[in-house]
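In the UniProt record's numbering, the protein residues as written are 1 to 88.
Glycine included, each C-beta is placed from N, C-alpha and C at the ideal position.
Some notes on the structure that comes next.
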Amino acid sequence: MWLEREANVIGVGAVLPDHNGWVQAALSERIAGSFGPQIAESLAILKGLQLSVSSGFLNIIVESDAKSIVDAIASDGYAFVSFWTYCR
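Shown next as structure tokens:
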């Protein structure tokens with residue numbers, strides 16, 4: 001994930017490996033808007049989840065360097081609960 005606030009665009013990416021670590025799918029996408037790091041990381045995870053589902057993955061493990069965002073997915077007490085409800 002990268003932020004380029006002056007251009008009002010962020011870049012998100014995801015890599016979907018199988019259980020052996022072989023890449024099965026990947027994405028890189030620019031999203032228009034001026035977002036803070038938490039929203040940008042959330043969008044990256046969301047795009048990765050969408051790619052996982054559309055690729056037919058049923059057992060999905062989310063890994064990210066944004067621990068607070070990953071923890072938020074698992075909890076019900078986060079500010080973006082409706083966003084995470086959509087992700088679930």
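Between the options, which lies nearest to residue i when the distance is taken from Cα to Cα?
{"i": "L46", "options": "V23, G56 and V70", "result": "V70"}
{"i": "S64", "options": "L49, S55 and I31", "result": "L49"}
{"i": "E41", "options": "K67, S75 and A7", "result": "K67"}
{"i": "S54", "options": "I73, L43, G36 and A25", "result": "A25"}
{"i": "D18", "options": "G56, I39 and G11", "result": "G56"}
{"i": "A72", "options": "Q38, S52, A7 and N20", "result": "Q38"}
State the CB to CB distance for the pair residue i and residue j, rounded to an integer number of angstroms; the pair is presumed to be in contact (CB under 8 angstroms).
{"i": "V15", "j": "V9", "result": "Wrong, their Cβ atoms sit about 21 angstroms apart, outside the cutoff."}
{"i": "G13", "j": "S34", "result": "About 19 angstroms; that fails the 8 angstroms criterion."}
{"i": "L43", "j": "I60", "result": "Contact flag wrong, Cβ pair sits at about 17 angstroms."}
What span of residues does the beta strand (DSSP E) with residue i cover, start to end?
{"i": "I10", "result": "V9 to P17"}
Would you verify that the beta carbon of residue i is, or is not, closer than 8 angstroms to some beta carbon of chain E?
{"i": "A26", "result": "Of the protein chains in the structure, only one exists, and it is not chain E."}
Please list the segments of the alpha helix (DSSP H) lying wholly inside the UniProt domain "RNase H type-1" (11–75), counting only runs of 4 or more residues, in order along the chain. Listed in chain order, the complete alpha helix (DSSP H) runs (minimum 4 residues) inside the UniProt domain "RNase H type-1" (11–75) are 37–54 and 67–74.
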